[in-house]
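Participant: Heads up: the sequence shown begins at 6 in the working numbering, then just goes up one per residue. Idealized CB from N, CA, C, for every residue including glycine. Because the structure is a prediction, the values reported are computed rather than measured.
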Amino acid sequence: MNSPGTSPNTNDSNPEGISSPPKTEQTGNKRSLKIRLMAIGVSVAMTAAACNTTGQRFGKDETPGKREQVAGALVNKGNILGQQGKTEEAIAVYNDVDRRFGKDQAPGVRKPVAWALNNKGFALKKQGKTEEEIAVYNDIDQRFGKDEAPGVREPVVKALINKGFALKKQDKTEEEIAVYNDIDQRFGKDETSGVRELVASTLFNKGVALAQQGKTEEAIAVYNDIDRRFGNDKSPAVLKVVVDALMWQKMLQLQQQLLQRLRQ
6 MNSPGTSPNT NDSNPEGISS PPKTEQTGNK RSLKIRLMAI GVSVAMTAAA CNTTGQRFGK
66 DETPGKREQV AGALVNKGNI LGQQGKTEEA IAVYNDVDRR FGKDQAPGVR KPVAWALNNK
126 GFALKKQGKT EEEIAVYNDI DQRFGKDEAP GVREPVVKAL INKGFALKKQ DKTEEEIAVY
186 NDIDQRFGKD ETSGVRELVA STLFNKGVAL AQQGKTEEAI AVYNDIDRRF GNDKSPAVLK
246 VVVDALMWQK MLQLQQQLLQ RLRQ
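#1: Tell me which residues share the same chain as Glu-223 and place their Cβ nearer than 7 Å to its Cβ, disregarding the 5 neighbours each side in the sequence.
#2: Going by alpha carbons, who is nearest to Pro-112 out of Ile-231, Arg-72, Lys-130 and Ala-140?
#3: Between the C-alpha atoms of Asp-176 and Gly-169, what's the straight-line distance to the nearest angstrom?
#4: What residues in its chain sit with their C-beta under 8 Å from that of Gln-258, if we drop five residues either side in the sequence?
#5: Give the secondary structure of Asp-146 by DSSP, where H, G and I count as helix, E and B as strand, and everything else as coil.
#6: Quick test of your reading: Leu-203 and Lys-163, contact by CB under 8 Å. State the CB separation rounded to the nearest angstrom.
#7: Nearest by alpha-carbon distance to Val-248: which of Asn-229, Gln-260, Gln-262 and Gln-261 is it?
#8: Can you tell me whether Met-252 is buried or exposed, with buried defined as 16 or more other CB within 10 angstroms of its CB?
#9: What's the gap between the Cα of Asp-146 and the Cα of Arg-268?
#10: When you compare only the Cα positions, how much space is there between Asp-152 and Gly-193?
#11: Give me, in chain order, the residues of the same chain whose beta-carbon lies closer than 6 Å to that of Ala-154; leave out the 5 immediate sequence neighbours on both sides.
#12: Under three-state DSSP, which class holds Gly-156?
#13: Thr-92 by DSSP, collapsed to three states: which one?
#14: So is Glu-93 buried or exposed if we call it buried at 16+ other beta carbons inside 10 Å?
#15: Taking the beta carbon of Asn-84 as the centre, do at least 16 other beta carbons fall within 10 Å, making it buried, or is it exposed?
#16: By the three-class DSSP mapping on this structure, what secondary structure does Glu-196 have?
#17: In chain order, what residues of the same chain lie with their CB nearer than 8 Å to the CB of Gly-293, ignoring the 5 residues before and after it?
#18: How many angstroms separate the CA atom of Gly-212 from the CA atom of Thr-221?
#19: Below 8 Å between beta carbons: does that hold for Asn-167 and Tyr-142?
#20: Quick one: what does DSSP say Lys-82 is sitting in, helix, strand or coil?
#21: Tell me whether Arg-233 is buried or exposed, calling it buried when 16 or more other Cβ atoms sit within 10 Å of its Cβ.
#22: Are there 16 or more other CB atoms within 10 angstroms of the CB of Glu-30, so buried, or fewer, so exposed?
#23: Go ahead and pull the three-state DSSP assignment for Asp-176.
#24: Exposed or buried, what is Glu-181 when buried is set at 16 or more other beta-carbons lying within 10 Å of its beta-carbon?
#25: Out of curiosity, what's the CA-to-CA distance linking Lys-131 and Val-227?
#26: Mapping the DSSP letters down to three states, classify Asp-101 as helix, strand or coil.
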């Protein structure tokens, strides 16, 4: 990242009289950017090839470790396809993961299956298929919601959060808040760092939903709860949620004070 005041001036208008970079420098920058983009493309292609190779070599291996490896490689392949804008192909890969490994009871395999379905839901979101997206999240909860493996609980919570966002998109705020309450009730005491971060984010989303309903006092109470429960957490990701919650809390309190003055 450039430091303030050190970025080259490439604007046509030059009020401060700063010299624009020479044409050769711009050409060099373009060439450098092209090389970086080519390198990224090669890296993605190599990753995709590695995923394909893993699936071809070990796809029929019944060893739990190998099944986990193959399932994970296929999820990565789907992710790459999604990043390339090949949404239908990505969904086909996620469906393949579920078809091949969906009934596997090994925790190491159930984890990538749950994430594959999560990513399928996200892909459906990109296609605007909200009802199908929600159906996928419900399927994840039904199949994996009672799983005790930490690696599986995290994608379950993530699926429920995504369900809340989907309901928000449909203007079903009460149902959205009900989902957030369900997450907190079921996973609020989970000490796994990844789950704690998601629970904190869930409560933050609940506060936003309440604020948008005009339930300011309830929203402030939620933000206070976030600070009380997660304010001493050692995870930077969790503490960021706490900071955001305190900012929203302060903003809502200032709004209340302003409204009170206007009513006087």
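Facilitator: The relevant details are as follows:
#1: Cβ neighbours of Glu-223 beyond the five flanking positions: Leu-215.
#2: For Pro-112, the nearest C-alpha among the options comes from Arg-72.
#3: When the Cα atoms are used, Asp-176 and Gly-169 turn out to be separated by approximately 10 Å.
#4: Answer for Gln-258: Ile-225, listed in chain order.
#5: Per DSSP, reduced to three states, the secondary structure at Asp-146 is helical.
#6: The Cβ separation is near 6 Å, so the contact holds.
#7: The shortest Cα separation from Val-248 among Asn-229, Gln-260, Gln-262 and Gln-261 belongs to Asn-229.
#8: That one is exposed.
#9: The straight-line gap from Cα to Cα measures roughly 47 Å.
#10: Cα to Cα, Asp-152 sits roughly 15 Å from Gly-193.
#11: Closer than 6 Å at Cβ, skipping near neighbours: Pro-112.
#12: Gly-156 falls in the helix class under three-state DSSP.
#13: Residue state for Thr-92 is assigned as helix, using DSSP reduced to three classes.
#14: The residue is exposed, with fewer than 16 neighbouring Cβ atoms inside 10 Å.
#15: With 16 or more other Cβ atoms within 10 Å, it is buried.
#16: Here Glu-196 carries a coil assignment [DSSP, helix/strand/coil].
#17: Absent from the model: residue 293. The displayed extent of the chain is 6 to 269, so no value can be given.
#18: Near 9 Å, if we compare the C-alpha coordinates of Thr-221 and Gly-212.
#19: Cβ atoms of Asn-167 and Tyr-142: closer than 8 Å.
#20: Residue state, collapsed to three classes: helix.
#21: Result: exposed.
#22: Only weak support exists for where Glu-30 lies, its pLDDT of 40 falling under 50; the value from the coordinates is given anyway. Answer is exposed; the Cβ neighbour count stays below 16.
#23: Correct three-state label for Asp-176: coil.
#24: Buried, because 16 or more other Cβ atoms sit within 10 Å of the Cβ of Glu-181.
#25: In this structure, the straight-line span from the alpha carbon of Lys-131 to that of Val-227 is close to 30 Å.
#26: Three-state result, Asp-101: helix.
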